[in-house]
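The opening residue of the sequence shown carries number 14 in this note's numbering; numbering runs sequentially from there.
Ideal Cβ placement from N, Cα and C applies to all residues, glycine included.
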Amino acid sequence: DSTQSHGVKWAAAGGGGGGGTTIIAELTAQRADLPDTGFAARGKFGTSWIVTTLDYDTTSQESAYWTMPIPSGWNFTNASAVIYLYWFGTTGYASATSSTVVWSIQTRSVANDEVLDATTTPAQATVTITDFITANSDLAVSSAVIVNSTAWATDDLVQINITRVPGNAADNFTGDAKFVNAIIRLV
């Protein structure tokens with residue numbers, strides 16, 4: 014089973030959605046919604062094999078958003094959402110030392126009786142992760158990040174905001190963090 018919506022693919026391993034199966038959604042750089050200001054610039058990397066990216070700056074806090082409808086019949090009551098970020102660096106990834114990027118991930122579920130662009134409701138869940146890229150490595154994969162998915166319900170919209178926080182003292186990566194995609198597993 015799979016459902017494609019707004020560039021996000023929901024897929025269930027094995028039988029139908031929910032109920033003990035692993036559900037996967039992918040957030041791609043190509044399908045991100047960007048705010049009017051403070052956004053991660055769209056970019057491309059490579060000449061032989063092209064990778065579309067969102068380039069999160071090393072000095073300014075930048076964001077990108079994804080909004081996706083939850084497919085009908087999918088059950089998240091007993092699920093936890095685990096998010097993995099995939100990114101690499103424009104500089105520093107081939108250096109002799111390792112570096113760190115700090116990410117903030119906000120999620121919220123919007124029901125049909127709630128305001129989509131409200132600043133206070135529905136409630137938001139925020140997770141901050143410190144993501145490590147090793148020396149001489151081309152690709153960083155974040156450790157599993159658990160976000161609150163218990164409020165996600167069938168036919169709601171789920172909004173996800175991924176922001177780099179270079180103002181955090183732990184963020185010492187000296188180049189752009191080039192976001193490729195994020196994978197969400199509901200387990």
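Neighbourhood of Gly180 by C-beta distance below 8 Å, restricted to the same chain and skipping five residues each side: The count along the sequence shown starts at 1 and reaches residue 180 at position 167. Only Gln74 meet the Cβ criterion.
Status (buried if at least 16 other CB within 10 Å, exposed otherwise) for Ala42: Taking the sequence shown and counting its residues from 1, the one referred to as residue 42 is at position 29. Ala42 should be labelled buried.
Would you kindly work out how many angstroms separate the C-alpha atoms of Gly51 and Ser76, rounded to a whole number? Within the sequence shown, residue 51 is the residue found at index 38, counting from 1. Within the sequence shown, residue 76 is the residue found at index 63, counting from 1. The straight-line gap from Cα to Cα measures roughly 6 Å.
Per DSSP, which one or two residues make a beta bridge with Phe58? Numbered from its first residue, the sequence shown carries residue 58 at position 45. Answer is Val64, bridged to Phe58.
Look at the Cβ atom of Asp169, then the Cβ atom of Val123, and state whether they are nearer than 8 Å. Translated into positions along the sequence shown, residue 169 becomes position 156. Translated into positions along the sequence shown, residue 123 becomes position 110. In contact: Asp169 and Val123 (Cβ atoms closer than 8 Å).
So the beta strand (DSSP E) Thr80 belongs to, where does it begin and stop? Translated into positions along the sequence shown, residue 80 becomes position 67. Per DSSP, Thr80 belongs to the beta strand (DSSP E) from Glu75 to Pro82.
For Ser117 versus Thr176, is the C-beta spacing smaller than 8 Å? The residue given as residue 117 occupies position 104 in the sequence shown. The residue given as residue 176 occupies position 163 in the sequence shown. The answer is yes: Cβ separation under 8 Å.
CA nearest to the CA of Pro84, picked from Val193, Leu199 and Ala166: Locating residue 84 in the sequence shown gives position 71, counting from the first residue. Checked all of Val193, Leu199 and Ala166; the closest Cα to Pro84 is Ala166.
Distance between beta carbons of Leu40 and Trp79, contact taken as under 8 Å: Residue numbering aside, residue 79 sits at position 66 when the sequence shown is read from its first letter. Residue numbering aside, residue 40 sits at position 27 when the sequence shown is read from its first letter. That belief holds up - the Cβ atoms of Trp79 and Leu40 are roughly 5 Å apart, short of 8 Å.
Rounded to a whole number of angstroms, what is the C-alpha to C-alpha distance between Pro48 and Thr66? Within the sequence shown, the letter at position 35 stands for residue 48. Within the sequence shown, the letter at position 53 stands for residue 66. Computed Cα separation, rounded: 16 Å.
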